[in-house]
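**Q**
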Amino acid sequence: MSKEQTVSNLKGKHQGEQVFYTTCLQNGCWDATCILRTRVKDGKITAIEPDDSVNPEFGREDAAIGEEGIKQGLIQMRPCVLGHSWKGEIYAEDRIIYPMKRVGGKGFGKGHFERISWDEAIDTISEKIRETIEKYGDASILHTHHSFFTLSSFPLTPYVGGGIAGWSDQSTSGHTAAEKFFLGYDMVPTAIFGIEDKFPGFEAPDLLNSNLIVLWGWDPLVGWHGTVPYYLKLAREKGIPIICIDPRYTLSAEVLADQYIPIRPGTDLAMMLAVAQVLYEEELWNKEYVAQNVDKEGFNKFRNYVMGGEDGVPKTPEWAAPICTVPAETIRAFARLYGTTGKVHLQCHYSVGKRHLGDYAAAASMILQAMVGSLTGPGGCESGSILGTPKRIPVPFADFKKAPPDFWPKPSFSTHKFAECVLMREKFDQGEVTEKEFRNAVGCPPDAPLPNIHLLWLDNNQLNNHQQVNKRLEAVQKVDFVTGFQWHFNSPSVQYMDIVLPAPNHMFESTDTFLNGQQRFMNGPCAARNYFLYCRKMVDGPGEVRTREWFWTQVAKKLGVGEKYNPRLIDTPWEKWDEEVEKIYQEGYERWAKDDDGKLKELGINPLPWQEFLKKPIVRVPIDEPFYPFKLWIERGELPWGTPSGKIEFSSKYLETHDLSMTEFGGKMDSMPKWEPSYMNQPAYDSPYNPRAKKYPLSLVTPVTMFRCMSCHDQNKMLRDEVYQHRVWINPADAKARKIKNNDLVMVYNEFGESIMKAFVTSKLMPGTTCIHFGTWMQPNDVKTPTSPYGIDTNGSCNLFIGDNHLPHTVNALLTAGLVEIKRFGGEAR
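Take 292 as the starting number for the sequence shown in the numbering used here and just add one per residue.
1) Are there 16 or more other CB atoms within 10 angstroms of the CB of Arg406, so buried, or fewer, so exposed?
2) Along the chain, which unbroken stretches of the beta strand (DSSP E) at least 3 residues long are found entirely within the segment 622-703?
3) Compute the Euclidean distance between the alpha carbons of Arg1121 and Asn796, then round it to the nearest angstrom.
4) Work out the CA separation of Ala468 and Trp932 for me, nearest whole Å.
5) Under 6 Å Cβ to Cβ from Asn577, same chain only, skipping five residues before and after it: list those, please.
6) Using a Cβ distance threshold of 8 Å, determine whether the segment 532-543 contacts the segment 379-394, with at least three qualifying pairs required.
7) Using the C-alpha atoms, what's the distance from Ser543 back to Asp510?
8) Can you name the residues that DSSP bridges to Pro390?
9) Using a C-beta cutoff of 7 Å, does Phe704 count as contacting chain D?
10) May I have a chain-ordered list of the alpha helix (DSSP H) segments no shorter than 4 residues that lie completely inside the segment 1000-1035?
11) Considering only the beta carbon of each residue, do Thr1067 and Trp1020 sit closer than 7 Å?
12) To the nearest angstrom, report how far apart Met963 and Leu659 are at their CA atoms.
13) Could you pull out every residue in the same chain whose Cβ sits closer than 7 Å to the Cβ of Ser417, ignoring the five residues on either side in sequence?
14) Put Arg328 into one of helix, strand or coil per three-state DSSP.
15) Let's test the definition: count the other Cβ atoms within 10 Å of the Cβ of His375 and tell me whether it reaches 16, buried, or not, exposed.
16) I think Phe918 touches Thr680, with their Cβ atoms under 8 Å apart; what is that distance to the nearest whole Å?
17) Going straight from the alpha carbon of Thr863 to that of Glu840, what length do you get?
18) Any chance you could list the beta strand (DSSP E) runs of at least 3 consecutive residues sitting entirely within the segment 770-802, in chain order?
19) Relative to the ligand GTP, is the shortest distance from any of its heavy atoms to the C-beta of Gly508 smaller than 6 Å?
20) Here's a check: name, in chain order, each residue in its chain whose Cβ is nearer than 6 Å to the Cβ of Cys371, leaving out the five neighbours to either side.
21) Measure the alpha-carbon distance for Glu295 versus Ile1031 and round it to whole angstroms.
22) Please name the residue or residues paired with Trp576 in a DSSP beta bridge.
23) Note down, in chain order, each residue of its chain lying with its Cβ closer than 7 Å to the Cβ of Arg859, except the 5 sequence neighbours on either side.
24) Where do the N-terminal and C-terminal ends of the beta strand (DSSP E) with Ser1046 fall, by residue?
25) Whose C-alpha, out of Arg328, Gly307, Glu470, Gln317, is nearest the C-alpha of Gly334?
26) Please classify Asn1034 as buried or exposed, where buried requires at least 16 other C-beta atoms within 10 Å of its C-beta.
27) Exposed or buried, Ile432, counting other C-beta atoms within 10 Å across all chains shown (16 or more means buried)?
28) Apply the 10 Å Cβ neighbour rule to Thr602 and answer buried if 16 or more other Cβ atoms are within range, or exposed otherwise.
29) Reducing DSSP to helix, strand and coil, say where Val372 ends up.
30) Return yes when the Cβ of Cys1003 is within less than 7 Å of the Cβ of Thr314, no when it is not.
31) How long is the line joining the alpha carbons of Val686 and Gln902, rounded to whole angstroms?
32) Quick one: what does DSSP say Lys718 is sitting in, helix, strand or coil?
33) Starting from Gly485 and walking both ways along the alpha helix (DSSP H), at which residues does that stretch end?
34) Figure out for me which residue from Phe805, Asp977, Ser464 has the closest Cα to the Cα of Tyr641.
35) May I ask you to list the residues that DSSP assigns as paired with Pro1071?
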């Protein structure tokens, strides 16, 4: 067949198609607003293709735009494998497509669902909300989707109350305490509410300004989507050295790293202290930067500690080597390179902080960056949450004219402490624990109402996706009413719900907002703030799938607050809903296009008429100078540090003078990162040096995989079998000692859970370390044990093995590490 005939045949397949654009941003994408060019025919998605809004038909874009265009961020925003695989989720055979109510008991294998009408679902749920608020008041309704960062995501709580707000979050939580106490930076006012301009993030082209890049516990080619992985590859091609420090030989280590340094899980702080010791001893710190930005008293206190003046033990590379298993000469060579290279992008990532006591390693990484003058400025990295860069383009706004809130709940719990809220509330009501003990355990500050959760709204897979799953399953059965939007029948969360609503896919099937209420005019991510796109609904959901906003508007009407919640759409029937919503978006676009303040003209943007814009609804401008940490403050000649001293504090003055157990943090934290905190009588609960390791000697790490976004896509047939096979990773030395061979069926277990799964014997992780990738759904069998009262898992759900223990340390960090043992399993999984 000729080339011409082949092209003609391919074109024929696309006749009659419409092209739409959207993004698949959701929680777990992390810094990505990838552009999906989507083909639709006869109401069905036929193909999901990469961005073609710039440099079309170029695989390597530098050939089209050169180095200057690369630096300006004029590149395609291509989706990852997950973005290309959404058809497998949208057209899944086991998708929930009707409202349903439970008949019979809750739990795996209990009861069943019956189809009900939307009217029945709305009436029942509205009445349950009313009853719960009347009987239990504030902090009685938990909407799990986005109740973090001091927010309640229960949509009606501003008008009817009842909602419980959470603080902390699932991802940056191990780093935000360090930012707050040592840098004086709180990400909530800047990154969430936009009322401050202390942006600690960076745009991806700034990586090209670094002299050295250190990926510490960070696997960006797998877990950080968007532009950053591409620019890391460009940085390596440019000759910028990249070092990866991780217990696993990750994909990023394999593709990007000039040097890979394996490190024992949970010992990052020991190596960091040794690096600081070398910087102090050899006077390799940046004197000018430290004098300007660092509190002198704290600098000297920390130096005294790492040099051994406090406890007589200098934290030398020789001290750290047997702890972290990194040779002393490697630590010293790294420290010297780090201290003499100039601008370093050292990013100690979230996996390091989301461990018990992991906040200290996060803080130490920020201290190291300050010592070498790389915490701010071009080519540097704040090494904390690193979320937040200012928008480069004014973005249209669709004004639905919602009323200002009548009620704003105070944060009452650390967002991952749902199970503790329910179980300890019962003990508190029975007089078994004091109010202070209850508050400390869940992270409830003294001035907030105590959590009293009686209605649980599950719009995600929270029961499966946070620490200590069996504890969560115990707690959810004590909640009076559980409901929410869900996707698959076999989701662990669905097994405990009273009413299940069919969830729309907000990227393709809905006019709903995205993550954290972001409208469908979607701004580019922190690393590429130079574009926005409009995400138009393109297909209807199957069955009776309807948008969340339509549902909540109906409930608001039932509760008498419809005019406040959604006045412009309160009387809009479902058949007209999408049309009326798009009119409001069109109105917002046309108001924006008038350019009353001249900002669009200043940026060289010439808005198209609405219908022309919809053909390719993306607006992009070049980046003049990439954003770097705290750029706005540096350009103003100001210091952004909101600490008591007004500078970076290596010893936090706030922690020196405040008892954190009297705050939302619940537990304690020393004023400096120390290997042995003063209030702990043993190492961290997930440490290989904890006494638990005698019984459970393998350190469990639970990284994300490129084949799931959180736990989305676990059931996606496009991403299973030959694409991805879920296994527990084990080093050959550990496997040999246990007589385990590759693909053997094994039992992974500890005191919190048990799972039967296959083994992957690989040298891509350290001896003494094991790995189960995050996001797989618990699927228990019928065998009940004291450890597994709901059945032994057969699908490798990693959160079964991670304890919910924080105290006496603070309760802010979601935990993602544990200790386990593995043995051969002789029977069948089911």
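In this text, a Cβ means the ideal position worked out from N, Cα and C, and glycines have one as well.
**A** On the basis of the coordinates in this document:
1) To locate residue 406, count along the sequence shown from 1; it is residue 115. Label assigned to Arg406: exposed.
2) Runs found: 635-639.
3) For the purposes of this step, residue 1121 is taken as residue 830 along the sequence shown, with counting starting at 1. For the purposes of this step, residue 796 is taken as residue 505 along the sequence shown, with counting starting at 1. Low confidence applies to Arg1121: its pLDDT is 44, below 50, so where it sits in the model is not reliable, and the reading given next is rough at best. Approximately 32 Å, taken between the alpha carbons.
4) Residue numbering aside, residue 932 sits at position 641 when the sequence shown is read from its first letter. Residue numbering aside, residue 468 sits at position 177 when the sequence shown is read from its first letter. Whole-angstrom Cα-Cα distance: 14 Å.
5) One-based indexing of the sequence shown puts residue 577 at position 286. Excluding sequence positions up to five before and after Asn577, its CB lies within less than 6 Å of the CB of Val663, Gly664, all in the same chain and listed in chain order.
6) In short, these stretches do not touch, since the Cβ pair count stays below three.
7) Here residue 510 corresponds to residue number 219 of the sequence shown, with the count starting at 1. Here residue 543 corresponds to residue number 252 of the sequence shown, with the count starting at 1. Each residue's Cα considered, the two are about 5 Å apart.
8) Counted from its first residue, the sequence shown places residue 390 at position 99. Its beta-bridge partners do not exist; DSSP assigns none.
9) Here there is only one protein chain, and chain D is not present.
10) 1023-1028, all fully within the segment 1000-1035.
11) Position 776 of the sequence shown, counting from 1, holds the residue named residue 1067. Position 729 of the sequence shown, counting from 1, holds the residue named residue 1020. Contact flag unset, no.
12) Reading the sequence shown from its first residue, position 672 is the one you call residue 963. Reading the sequence shown from its first residue, position 368 is the one you call residue 659. Each residue's Cα considered, the two are about 13 Å apart.
13) On the sequence shown, position 126 is the one that residue 417 refers to. So the list reads Val846, Lys849, Leu850, once near-sequence residues are dropped.
14) Reading the sequence shown from its first residue, position 37 is the one you call residue 328. Of the three classes helix, strand and coil, the one that applies to Arg328 here is strand, per DSSP.
15) Reading the sequence shown from its first residue, position 84 is the one you call residue 375. Result: buried.
16) Along the sequence shown, read from residue 1 onward, the residue named residue 918 stands at position 627. Along the sequence shown, read from residue 1 onward, the residue named residue 680 stands at position 389. Confirmed, about 4 Å.
17) As a position in the sequence shown, residue 863 is number 572, starting the count at 1. As a position in the sequence shown, residue 840 is number 549, starting the count at 1. C-alpha separation (whole angstroms): 12 Å.
18) As far as the segment 770-802 is concerned, its whole beta strand (DSSP E) runs of at least 3 residues are 772-777, 790-793.
19) In the structure shown, the ligand GTP is absent, as is every other ligand, since no ligand is present at all.
20) In the sequence shown, residue 371 corresponds to position 80, counting from 1. Excluding residues within five positions, the ones whose Cβ falls inside 6 Å are His516.
21) Residue mapping note: residue 295 aligns to position 4 of the sequence shown, counting from 1. Residue mapping note: residue 1031 aligns to position 740 of the sequence shown, counting from 1. Answer to the nearest angstrom: the Cα atoms are 55 Å apart.
22) For the purposes of this step, residue 576 is identified with residue 285 of the sequence shown, where counting begins at 1. Looking at the DSSP assignment, Trp576 forms no beta bridge with any residue, so it has no partner.
23) Locating residue 859 in the sequence shown gives position 568, counting from the first residue. Taken in chain order, the residues that qualify are Phe691, Lys692, Ile875.
24) Counting from one through the sequence shown, the residue named residue 1046 turns up at place 755. Per DSSP, Ser1046 belongs to the beta strand (DSSP E) from 1045-1052.
25) The residue given as residue 334 occupies position 43 in the sequence shown. Nearest C-alpha to Gly334: Gly307.
26) To locate residue 1034, count along the sequence shown from 1; it is residue 743. In summary, Asn1034 is exposed, with fewer than 16 beta-carbon neighbours lying within 10 Å of its beta-carbon over all protein chains present.
27) The residue labelled residue 432 in the question sits at position 141 within the sequence shown. That one is buried.
28) Along the sequence shown, one-based indexing puts residue 602 at 311. Reading off the sequence, residue 602 comes out as Asp, not Thr. Within 10 angstroms of the beta-carbon of Asp602 lie fewer than 16 other beta-carbons, which makes it exposed.
29) On the sequence shown, position 81 is the one that residue 372 refers to. In the structure shown, Val372 sits in a helix (DSSP, three-state: H, G or I).
30) Indexing the sequence shown from 1 puts residue 314 at position 23. Indexing the sequence shown from 1 puts residue 1003 at position 712. Thr314 is not a Cβ neighbour of Cys1003, given a cutoff of 7 Å.
31) Here the question's residue 686 lines up with position 395 in the sequence shown. Here the question's residue 902 lines up with position 611 in the sequence shown. Between Val686 and Gln902, the alpha-carbon positions lie close to 18 Å from each other.
32) The residue given as residue 718 occupies position 427 in the sequence shown. Correct three-state label for Lys718: helix.
33) Here the question's residue 485 lines up with position 194 in the sequence shown. Careful: Gly485 lies outside any alpha helix (DSSP H) and carries neither H nor E.
34) Position 350 of the sequence shown holds residue 641. Checking every option, the nearest Cα to that of Tyr641 belongs to Ser464.
35) For the purposes of this step, residue 1071 is taken as the residue at position 780 of the sequence shown. In DSSP, Pro1071 forms a bridge with Asp1084.
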